[in-house]
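K.L.:
Numbering (the working numbering), first residue to last: 342 to 539.
For every residue, glycine included, the Cβ atom is placed at its ideal position computed from N, Cα and C.
Pasting a structure below so you can have a look.
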């Protein structure tokens with residue numbers, strides 16, 4: 342095959358990227374909020390997916406993150422991503438509505454005394470119906486069931502504009518902000534906001 346011929350990689354053109362600048366806000370919660378029942382609409386439920394396949398995970402990640410510059414895991418090799426999402430301490434929880442996925446959250450409890458809400462979001466068709474608030478409450482309750490000392494999350498200016506206000510309203514406190522420059526590969530086909538381009 343040509344990919345095995347000498348000099349193949351050296352002859353490949355450099356990857357085309359688009360550079361964007363985002364402001365990342367890191368948040369922390371050091372005690373669980375007041376218990377509140379998570380009441381989901383009829384025919385709606387949250388299922389933990391044990392040992393998810395890469396294909397299913399990519400469907401969720403790519404669909405939820407398509408509008409928000411979720412790109413890092415799109416570029417992750419198959420084997421590396423499989424090892425990450427099935428690692429002990431990492432859990433995937435999928436919101437189903439009418440027997441089809443409507444959103445998901447991912448928790449990472451591998452750090453000592455801390456659980457991180459690594460990813461959280463709704464599929465496009467589920468946005469605007471109040472499911473996001475319910476899913477966030479469920480994610481927080483699931484995380485605090487691990488009895489950590491803190492629950493962490495971060496969001497950035499490429500995310501949904503309601504993400505940060507929702508986390509603040511849920512009881513997270515901002516710890517710090519950082520400006521990051523991302524070189525997003527063009528072949529991913531993501532719609533990157535013009536105001537973030539540098």
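(1) Between the Cα of residue 500 and the Cα atoms of 531, 490, 527, which residue gives the shortest distance?
(2) If you drop the 5 nearest sequence neighbours on each side, which residues of the same chain put their C-beta closer than 6 Å to that of residue 497?
(3) Verify whether the separation of the beta carbon atoms of residue 445 and residue 401 is less than 8 Å.
(4) Would you mind stating whether residue 538 and residue 360 have Cβ atoms separated by less than 8 Å?
(5) Using CA coordinates, which residue listed in 483, 524, 474 is at the minimum distance from residue 507?
(6) Work out the CA separation of residue 433 and residue 313 for me, nearest whole Å.
(7) Does the Cβ-Cβ distance between residue 456 and residue 388 come in under 8 Å?
(8) How many Å lie between residue 374 and residue 357 at the Cα?
(9) Using the C-alpha atoms, what's the distance from residue 488 back to residue 453?
(10) My guess is that residue 368 and residue 502 are in contact by the Cβ rule of under 8 Å, so how many angstroms apart are they, rounded?
(11) Closer than 8 Å by C-beta to residue 417: which residues in its own chain qualify, once you throw out the five before and the five after it? Chain order, please.
(12) What residues in its chain sit with their C-beta under 6 Å from that of residue 386, if we drop five residues either side in the sequence?
(13) How many Å lie between residue 477 and residue 372 at the Cα?
(14) Helix, strand or coil: which one does DSSP assign to residue 434?
(15) For residue 491, which of helix, strand or coil comes out of DSSP?
(16) Is the beta carbon of residue 464 closer than 8 Å to that of residue 484?
(17) What is the residue span of the beta strand (DSSP E) that residue 538 lies within?
(18) Name the two residues that bound the continuous beta strand (DSSP E) containing residue 449.
(19) Quick check on this structure: which residue in 495, 398, 533, 536 has the alpha carbon closest to the alpha carbon of residue 518?
P.N.:
Reading off the structure:
(1) 531
(2) 363, 365
(3) yes
(4) Their beta carbons are under 8 Å apart, which means residue 538 touches residue 360 by this criterion.
(5) 474
(6) Residue 313 lies beyond the range of the chain shown here (342 to 539); nothing can be said about it.
(7) no
(8) 45 Å
(9) 11 Å
(10) With 8 Å as the limit, residue 368 and residue 502 do not qualify as a contact, their Cβ atoms being about 16 Å apart.
(11) Excluding sequence neighbours, residue 417 sits near 425.
(12) 437
(13) Taking C-alpha positions only, residue 477 is separated from residue 372 by approximately 16 Å.
(14) strand
(15) In the three-state reduction of the DSSP assignment, residue 491 falls in the strand class.
(16) For residue 484 and residue 464, no; Cβs fall outside 8 Å.
(17) No beta strand (DSSP E) holds residue 538; DSSP gives it neither H nor E.
(18) 441–449
(19) 495
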